[in-house]
Amino acid sequence: MPLSQYPPAPPPADDDPPEEPPILGSWGRMYATVLVAHVVLIICFYLFSQAYA
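So in the UniProt record's numbering, spot 30 of the sequence shown is number 30, and the numbers just go up one at a time.
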């Protein structure tokens with residue numbers, strides 16, 4: 001039986017409530033905080049490695 005003879009599938013149900021923003025109020029702020037934390041960690045590791053090289 002060709003696929004064109006099957007009825008179209010119903011759209012998926014959207015029963016999930018919208019996702020709440022994280023602690024900082026928006027996902028953009030959360031991503032920026034994580035990015036800044038990684039940069040600070042990298043700088044700290046660099047400084048420690050230079051100090052104890």
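In this text, a Cβ means the ideal position worked out from N, Cα and C, and glycines have one as well.
A quick note: this is a predicted structure, and the numbers were derived from the prediction, not measured.
Residue i: CB within 8 Å of a non-hydrogen atom of the ligand HEM
{"i": "Ala53", "result": "Inclusion of the ligand HEM in the displayed structure is not the case, the ligand content being empty and no account of it being possible."}
For residue i, the first and last residue of its enclosing alpha helix (DSSP H)
{"i": "Gly28", "result": "27–51"}
Of the residues the options, the one placed nearest residue i, counting alpha carbons only
{"i": "Glu20", "options": "Met30, Pro12, Ala13, Pro11", "result": "Met30"}
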